[in-house]
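Right, one structure below, let's go through it.
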Ligand code: PLP
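Numbering (this note's numbering), first residue to last: 730 to 1163.
Okay, structure coming up:
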């Protein structure tokens, strides 16, 4: 029989342990060097300097152990350095690192494409393109839309699709992301996310758009950077109908919401709607750079040379993605659903007992709450205080939207860890002064 002591010790390893004041001296030294050399365009909310990770836990340069509820911005889906993923990476790396899937063939890439296509909620024949990132997946979809019909597309305010020039032209999340980079791609119009579909048609499409050139609607099934906003089923169905009426493609950006995060392989499945193209990235390869575009075959019908990428579909990244899919299919997608429901329920309780938080929401382990001030107004300042306090208690979370705190942990989070996060958040809120 395993001793209770051992079980308790093993259990404790699932929770934070801080051994220095934060940041510790080693972390401080790295941050100082970073500040002198790295691009100041990066957005850091607190000085975490990671040294290693395992499952949902990460250790910093000073040996402090944190519970990671951010997963490298919703990327480390299977947990940090899952042995199955590491083994797949190591085996592939020992065979060959690169050959360029655009000019040669390798089975690991084909296998991944077949598996992604089988999971995609799109009927009929499909084709897959691999990129290195989410933004590149969006660039691919933008080019496909142009190739299909023309340059005019609809996107939504609050949306984040990436920072390369095409993707940035669709992005309308924070003005700082666009400031100084105009002109953007011509032909892109924005409607409000969740805006009545009839109004989008009457006041935007019918006013600005040439139906001969209107090729696509880009939509996040759950808005990510914009604030973890879950639209209603009817709205998403309305967007599908709008696309049908205008002969436009429905392109869903599942860069953040895809790959099991919401408890289904793709978040659009929650809405019972079939898109024409799915863009995904982030969690797809558990941390290796990879993006994918899955499209109806008759749409991805361009010719050799029209789109390609030297590194896109890199064999090591594909091996990591196949191993990620094994784990998602086996248990992690279900775990995301079950633990996600539990986390939302616990956060609802926290919201009920504090004046500082409202609006616990999400699907699976794509979850958020909003920070508010005494007057009930969304408050970035209160949010920052809470995020700082969580870091100082060994919990890593990220902001999103104007005043939301997001929880996008590895999909192996346990109910006990979710409880710990909710309890700690409640304790922090109890000590907050406005
Ligand atoms: N689309 C969505 C919905 C995202 O959340 C992101 C990144 O946060 C992107 C696109 C861009 O992905 P990447 O940062 O990999 O270029």
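Glycine included, C-beta positions come from ideal geometry on N, C-alpha and C.
Under 7 Å between the Cβ atoms of residue 1013 and residue 870?
no
If I measure Cβ to Cβ from residue 748 and keep anything under 6 Å in the same chain, skipping five residues before and after, which residues do I get?
792, 793
Measure the CB-CB distance between residue 864 and residue 886 and report whether it falls below 7 Å.
no
Is residue 858 helix, strand or coil when you go by DSSP?
strand
Per DSSP, which residues does residue 1015 bridge with? Please list them.
1017
Return yes when the Cβ of residue 990 is within less than 7 Å of the Cβ of residue 1094, no when it is not.
yes
Enclosing beta strand (DSSP E) for residue 1009 [first to last residue]
Following the DSSP letters along the chain, one finds residue 1009 inside the beta strand (DSSP E) bounded by residues 1006-1009.
In three-state DSSP terms, what is residue 1000?
helix
When the Cα of residue 686 is compared with those of 1160, 1147, 1162, 1161, which residue comes out closest?
Limits of the chain in this structure are 730 at one end and 1163 at the other, which puts residue 686 out of reach.
Three or more C-beta pairs under 8 Å: does that hold for the region 1038-1053 against the region 827-834?
yes
Report, in whole angstroms, the separation of the C-beta atoms of residue 888 and residue 838, which I expect to be a contact under 8 Å.
Between residue 838 and residue 888 the Cβ distance is about 29 Å, and since that is not below 8 Å, they are no contact.
Residue 984: CB within 6 Å of a non-hydrogen atom of ligand 1:
yes
Check whether residue 1149 and residue 798 have beta carbons under 7 Å apart
no
Leaving aside the five residues before and after residue 1118 along the sequence, list all residues of the same chain whose C-beta is less than 7 Å from its C-beta, in chain order.
1157
Closer than 7 Å by C-beta to residue 1016: which residues in its own chain qualify, once you throw out the five before and the five after it? Chain order, please.
801, 804, 805
DSSP beta-bridge partners of residue 788
Answer is 781, 794, bridged to residue 788.
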